[in-house]
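There are 2 protein chains.
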Amino acid sequence: MLFVSKDPVVSRSTLKRLPLYLHLLEALLAQGVECVSSTQLAREFNFNPTQVRKDLEVTGEVGKARVGFRVAGLVVRIRDFLGWNSTHDAVLVGVGNMGKALLGYKDFEKYGLNIVAAFDKDVRKVGATTFDREVLPLAQLPKFIKRTKVHIGILTVPAREAQPVVDLMLAAGIKAIWNFAPAPLRIPAGVILENARLTQSLAVLTSHLTHQN
Amino acid sequence: MLFVSKDPVVSRSTLKRLPLYLHLLEALLAQGVECVSSTQLAREFNFNPTQVRKDLEVTGEVGKARVGFRVAGLVVRIRDFLGWNSTHDAVLVGVGNMGKALLGYKDFEKYGLNIVAAFDKDVRKVGATTFDREVLPLAQLPKFIKRTKVHIGILTVPAREAQPVVDLMLAAGIKAIWNFAPAPLRIPAGVILENARLTQSLAVLTSHLTHQN
DNA sequence: CTTTTATCGAGAAGATTATATCGATACTTT
DNA sequence: AAAGTATCGATATAATCTTCTCGATAAAAG
Numbered sequence: 001m002l003f004v005s006k007d008p009v010v011s012r013s014t015l016k017r018l019p020l021y022l023h024l025l026e027a028l029l030a031q032g033v034e035c036v037s038s039t040q041l042a043r044e045f046n047f048n049p050t051q052v053r054k055d056l057e058v059t060g061e062v063g064k065a066r067v068g069f070r071v072a073g074l075v076v077r078i079r080d081f082l083g084w085n086s087t088h089d090a091v092l093v094g095v096g097n098m099g100k101a102l103l104g105y106k107d108f109e110k111y112g113l114n115i116v117a118a119f120d121k122d123v124r125k126v127g128a129t130t131f132d133r134e135v136l137p138l139a140q141l142p143k144f145i146k147r148t149k150v151h152i153g154i155l156t157v158p159a160r161e162a163q164p165v166v167d168l169m170l171a172a173g174i175k176a177i178w179n180f181a182p183a184p185l186r187i188p189a190g191v192i193l194e195n196a197r198l199t200q201s202l203a204v205l206t207s208h209l210t211h212q213n
Numbered sequence: 001m002l003f004v005s006k007d008p009v010v011s012r013s014t015l016k017r018l019p020l021y022l023h024l025l026e027a028l029l030a031q032g033v034e035c036v037s038s039t040q041l042a043r044e045f046n047f048n049p050t051q052v053r054k055d056l057e058v059t060g061e062v063g064k065a066r067v068g069f070r071v072a073g074l075v076v077r078i079r080d081f082l083g084w085n086s087t088h089d090a091v092l093v094g095v096g097n098m099g100k101a102l103l104g105y106k107d108f109e110k111y112g113l114n115i116v117a118a119f120d121k122d123v124r125k126v127g128a129t130t131f132d133r134e135v136l137p138l139a140q141l142p143k144f145i146k147r148t149k150v151h152i153g154i155l156t157v158p159a160r161e162a163q164p165v166v167d168l169m170l171a172a173g174i175k176a177i178w179n180f181a182p183a184p185l186r187i188p189a190g191v192i193l194e195n196a197r198l199t200q201s202l203a204v205l206t207s208h209l210t211h212q213n
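Read top to bottom, the protein sequences are chains A and B.
Following this note's numbering, the numbering of the first sequence begins with 1 at its first residue and continues without gaps.
Following this note's numbering, the numbering of the second sequence begins with 1 at its first residue and continues without gaps.
Here it is as structure tokens:
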């Protein structure tokens, strides 16, 4: 259950289900529930119990026959596995609506994400503070990344500006990019790209609506 | 290439790639490019050409050997397939940071999404206008949905309020839910649920960062 | 006009992901 | 204490998704 260099043995599908389990498990923990079985978890999400066990296996937590898994143990293990027990600093570029929404999202600290600075190329936005963070001019981005050794870049700029900003980030040493811009990005192997593009999500919705008459 | 009742023969993966192709194709169209091959498209995204052809097949557009696909044809067909050439009205509940960001997202009209009203349970938010839309009290949601026959509900409320709001929406006849709340939702079969939960996306990012030492 | 080449679509093969089966185990019930 | 049962982990099977192969075809080159 390890990542072997560039080849993650844990599938993206599993990775996306882990936070779902975690949220539920934290609620159970708060209620004082001590153990939970894969059967119960599966029922909550309409998953298959075997799938749940396979997913949880990656965390290293082992269950007991006829009893299930320790809720507290799972919570810690999942959070550890996802890296949510340590802090990940990030810079955000593009203080538009989406950028502001992310800057204002308090819960990120629960997931170890710490947006340390925001940048914008629009001089009118620079200088103002948005949710306790000063907005810096884009020109200062490379220096800032190098100085603070921040690893994550959050991209909330319009489509046409996405690639140039990414290139700045990459040159300065960013290791992972969380992309909210509706643009395909070119990034070298080794850098992690996670797209959170609304249009992809929307496509699933509208196409289903369209085709069910 | 049809949806047969509850069983979509087009995979979610394909559905999520179609908007990527579309964005690029629209750029090509603007540049006056007439034809494009699966090979070229594949190179742009680091996909496999066969996969691109399989994806495009669902739209009904057929290519020509040695030539490729008509860009203009693909653009129309993909947009048709995704339902982005018609208008889908939606209501949004939860005028927090994320809700405001979505209300302010101008590009939705390009995708046929039209947020007709916003609701919030916080009386202090009610009455104000956010991006040209008045914020209405949550109590009016059911009546509004029934009267306007809106099909899509966008959920941008805190986790604990998610399920109750969903229940209101379902009772009033909502057919599809776009969920941004970090909560697992219980919805009956037949209703479309698309999760756009930030934490799932974040999990992929932070876990990769964590496990690559 | 013939050969070469790039690309298509269809179908086969391969890889990945999800589900089913089953012996072992730990708790409950009788 | 023995029998019954729910659940585990391991392994096998099934389903899905991706990639490869190949004959057909349309344009370009010779």
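For every residue, glycine included, the Cβ atom is placed at its ideal position computed from N, Cα and C.
Bear in mind that the values here come from a model prediction, so they are computed numbers and not experimental data.
Taking 9 Å as the threshold (beta carbon to beta carbon), is A/Asn195 in contact with chain B? yes
Which listed residue (B/Leu170, B/Gln31, B/Ala176) has its alpha carbon closest to that of A/His211: B/Ala176
Residue range of the beta strand (DSSP E) that B/Asn136 falls in? Sequence check: residue 136 of chain B is Leu here, not Asn. Residues 133 to 137.
4-residue-minimum alpha helix (DSSP H) runs that sit fully inside the region 31 to 119 of chain B, ordered along the chain: 38 to 45, 49 to 57, 71 to 82, 97 to 103
Whole angstroms are fine: how far does the CA of A/Val135 sit from the CA of A/Thr129? 6 Å
May I have the straight-line CA-CA distance separating A/Glu109 from B/Ala118, to the nearest angstrom? 28 Å
B/Leu15 by DSSP, collapsed to three states: which one? helix
What separation, rounded to the nearest whole angstrom, lies between the Cα atoms of B/Val150 and B/Ala139? 16 Å
Taking buried to mean at least 16 other C-beta atoms within 10 Å of its own C-beta, is B/Lys125 buried or exposed? buried
Taking the alpha carbon of B/Pro137 as the point to measure from, which residue in B/Phe131, B/Lys143, B/Thr148, B/Val123 has its own alpha carbon closest? B/Val123
Expected contact under 8 Å - CB spacing of A/Glu34 and A/Arg70 to nearest Å: 7 Å
At least one CB of chain A closer than 9 Å to the CB of B/Gly83: is that the case? yes
Tell whether a beta-carbon distance below 9 Å holds between B/Ala159 and A/His208. no
Taking the continuous beta strand (DSSP E) assigned at A/Ile177, which residues delimit it? 176 to 179
For a contact meaning CB atoms closer than 8 Å, what does A/Leu24 contact in chain B? Pro184
If you run the structure through DSSP and keep just helix, strand and coil, what is B/Leu193? strand
Could you spell out the range, first to last residue, of the beta strand (DSSP E) harbouring B/Leu170? Note, B/Leu170: premise wrong, no beta strand (DSSP E); alpha helix (DSSP H) at 159 to 172.
Taking contact to mean 3 or more Cβ pairs, one atom from each stretch, closer than 8 Å, check whether the region 50 to 63 of chain A and the region 84 to 102 of chain A are in contact. no
Where do the N-terminal and C-terminal ends of the beta strand (DSSP E) with A/Leu155 fall, by residue? 152 to 155
Please compile the residues from chain A whose C-beta is within a distance smaller than 8 Å of the C-beta of B/Leu28. In chain order: nothing, as chain A lies at least about 12 Å away.
If you measure from the beta carbon of A/Thr199 to each beta carbon in chain B, is any gap under 9 Å? yes
Look at the alpha carbon of A/Arg186 and the alpha carbon of A/Gln163, and state the distance between them as a whole number of angstroms. 7 Å
Evaluate A/Asn48 with the Cβ neighbour count: other Cβ atoms within 10 Å of its Cβ, from every protein chain shown; 16 or more gives buried, anything less gives exposed. exposed
Closer than 8 Å: is that where the CB of A/Ser37 sits relative to any heavy atom of the ligand PLP? Questions concerning the ligand PLP fall outside what the structure shown contains, since it holds no ligand whatsoever.
Can you name, in chain order, every residue of its own chain whose Cβ lies under 7 Å from the Cβ of A/Phe45, other than the five neighbours on each side? Leu20
Beta-carbon proximity list for B/Thr199, same chain, < 6 Å, skipping 5 on both sides: Pro182
For B/Val116, is the classification buried or exposed, using 16 other Cβ atoms within 10 angstroms of its Cβ as the cut-off for buried? exposed
Leaving out five residues on either side along the sequence, give the residues of the same chain with a beta carbon under 6 Å from the beta carbon of A/Thr154. Here residue 154 of chain A turns out to be Ile, not Thr, going by the sequence shown. Contacts found: Ala90, Leu92, Trp178.
Just mark B/Arg17 as buried or exposed, buried being the case when its beta carbon has 16 or more other beta carbons within 10 Å. buried
Listed in chain order, which residues of the region 151 to 167 of chain B have Cβ atoms closer than 8 Å to some Cβ of chain A? His151, Ile152, Ala159
If the cut is a Cβ gap below 9 Å, which residues of chain B does A/Glu44 touch? Pro184, Arg186
Less than 9 Å between CB atoms is the rule here; does A/Ile192 satisfy it with respect to chain B? yes
Distance CB(A/Ala196)-CB(B/Ser201) smaller than 9 Å: yes
Is any beta-carbon of chain A found at less than 9 Å from that of B/Gly96? yes
Can you check which of these residues, A/Ala27, A/Ile78, A/Asn97, is closest to B/Gly104 by C-alpha distance? A/Asn97
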